[in-house]
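Quick note: the sequence shown uses the UniProt record's numbering, first residue 1, plus one each step.
Working notes, beginning with the structure itself.
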Amino acid sequence: METQIKSDLTRRSSNKGDLIADVGSGSLGCCGWLLVILSGLLTFLLFPFTIWFCIKIVQEYERAVIFRLGRITDRKAKGPGIFFVLPCTDSFVKVDLRTVSFDIPPQEILTKDSVTVCVDGVVYFRVSDPISSVANVFNADFSTRLLAQTTLRNVLGTKNLAELLSDREGISHSMQASLDEATDPWGIKVERVEIKDVKLPQQLQRAMAAEAEATREARAKVIAAEGEMNASRALKEASLVIAESPSGLQLRYLQTLTTIAAEKNSTIIFPLPMDVISHFMKK
Numbered sequence: 001m002e003t004q005i006k007s008d009l010t011r012r013s014s015n016k017g018d019l020i021a022d023v024g025s026g027s028l029g030c031c032g033w034l035l036v037i038l039s040g041l042l043t044f045l046l047f048p049f050t051i052w053f054c055i056k057i058v059q060e061y062e063r064a065v066i067f068r069l070g071r072i073t074d075r076k077a078k079g080p081g082i083f084f085v086l087p088c089t090d091s092f093v094k095v096d097l098r099t100v101s102f103d104i105p106p107q108e109i110l111t112k113d114s115v116t117v118c119v120d121g122v123v124y125f126r127v128s129d130p131i132s133s134v135a136n137v138f139n140a141d142f143s144t145r146l147l148a149q150t151t152l153r154n155v156l157g158t159k160n161l162a163e164l165l166s167d168r169e170g171i172s173h174s175m176q177a178s179l180d181e182a183t184d185p186w187g188i189k190v191e192r193v194e195i196k197d198v199k200l201p202q203q204l205q206r207a208m209a210a211e212a213e214a215t216r217e218a219r220a221k222v223i224a225a226e227g228e229m230n231a232s233r234a235l236k237e238a239s240l241v242i243a244e245s246p247s248g249l250q251l252r253y254l255q256t257l258t259t260i261a262a263e264k265n266s267t268i269i270f271p272l273p274m275d276v277i278s279h280f281m282k283k
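Have a look at this one:
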């Protein structure tokens, strides 16, 4: 598998090198050179007027790929600044080198565990090689957008729902690597890919909410049971302490009366010790 991948990368790099080699080494032929010479003479004879058609300007963030009789004239794009073209034989294409961002439309995807989700994202890319972006693909921007949609489906189709919800960063890096490798022959550099939103079906949302609620209720019951168990142990220890000292029970009665009196109640219930009541019951 690794050997096949290396061979594919070598073949792509060799094809790209062949294209770049063909850019500057192609011959125009006798007719081509004749047309170029005639265009140069015409430009020289009508110099005051043709100067406005020969001088072109591109911005700092732009590059110009010049075609002379259908062939790219140089291995390197022109710009930024001023450059000259022949009015009859030369044409050029401006390429913007700034980073472009676009939203991936929401895609309905079937995950690995057979759950249908709707996922959208955003991709940031720029043109790294103006000549390849013009010569190797018809519309680099549109092709990258379509490829991003299919890559999103292919990558998320191999993930479970839990991985999709918890490992967004890993999915973004995987998509970026796949897109960057696929768009390299087009002269496109994918800088960043992000998953924006994952929309679940309403029934699945209700089921997940019910599961989470049941889990929280079970946890609350366990905590309450543990609290009652600890309280019963504390009461047992307290009863053992009071049993060792009978006067401690009387002090506890007085403390309870103090607490009741502090609340300004009109009725006070005064508990009596069982040994006192049993003494009167015997009589």
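The beta carbon of each residue, even a glycine, is placed where N, CA and C say it ideally should be.
| Check | Outcome |
| --- | --- |
| Rounded straight-line distance, which links the Cα of THR151 to that of ILE109 | 11 Å |
| Which of helix, strand or coil DSSP assigns to TYR61 | coil |
| Alpha-carbon to alpha-carbon, GLY70 and THR99 | 28 Å |
| Coil, strand or helix - ASP197 by DSSP | strand |
| Span of the alpha helix (DSSP H), counted from its first residue to its last, around PRO105 | Element bounds for PRO105: not the alpha helix (DSSP H) but the beta strand (DSSP E), 100 to 110. |
| For LEU81, three-class secondary structure by DSSP | It should be pointed out that residue 81 corresponds to Gly in this sequence rather than to Leu. Strand at GLY81. |
| Local conformation of CYS88 per DSSP, three classes | coil |
| Cβ pair VAL127, ILE57 closer than 8 Å | no |
| Where LYS159 falls, given that 16 or more other Cβ within 10 Å makes a residue buried | buried |
| First through last residue of the beta strand (DSSP E) which encompasses VAL117 | 116 to 127 |
| VAL65 classed as buried or exposed, judged by whether at least 16 other C-beta atoms fall within 10 angstroms | buried |
| Same chain, Cβ closer than 7 Å to ILE55, neighbours up to 5 away in sequence not counted | ILE82, PHE84 |
| Buried versus exposed, by CB contacts within 10 Å (16 or more), PRO130 | buried |
| Cα-Cα separation between GLY79 and ILE37, rounded to whole angstroms | 24 Å |
| Residue environment, VAL193, which counts as buried when at least 16 other CB atoms sit within 10 Å | buried |
| Coarse secondary structure for PHE53, derived from DSSP in three states | helix |
| Burial state of ARG75 (16 or more Cβ within 10 Å) | exposed |
| Pick from ALA220, ARG68, LEU204, THR144 that is closest to ARG101, judged by C-alpha positions | Position check: residue 101 holds Ser in this sequence, whereas Arg was assumed. Considering only alpha carbons, the answer is THR144. |
| 6 Å CB neighbourhood of LEU35 in its chain, flanking five on each side removed | THR89 |
| C-alpha gap between THR50 and GLY121, whole angstroms | 49 Å |
| Three-state secondary structure (DSSP) of VAL137 | coil |
| Beta-carbon proximity list for VAL155, same chain, < 7 Å, skipping 5 on both sides | ILE171, SER174, MET175, SER178 |
| Neighbour-count burial assignment, TRP33, 16 or more Cβ in a 10 Å radius | exposed |
| Whole-angstrom C-beta distance between GLU62 and VAL93, which should lie under 8 Å | With a Cβ gap of about 10 Å, VAL93 and GLU62 do not count as contacting. |
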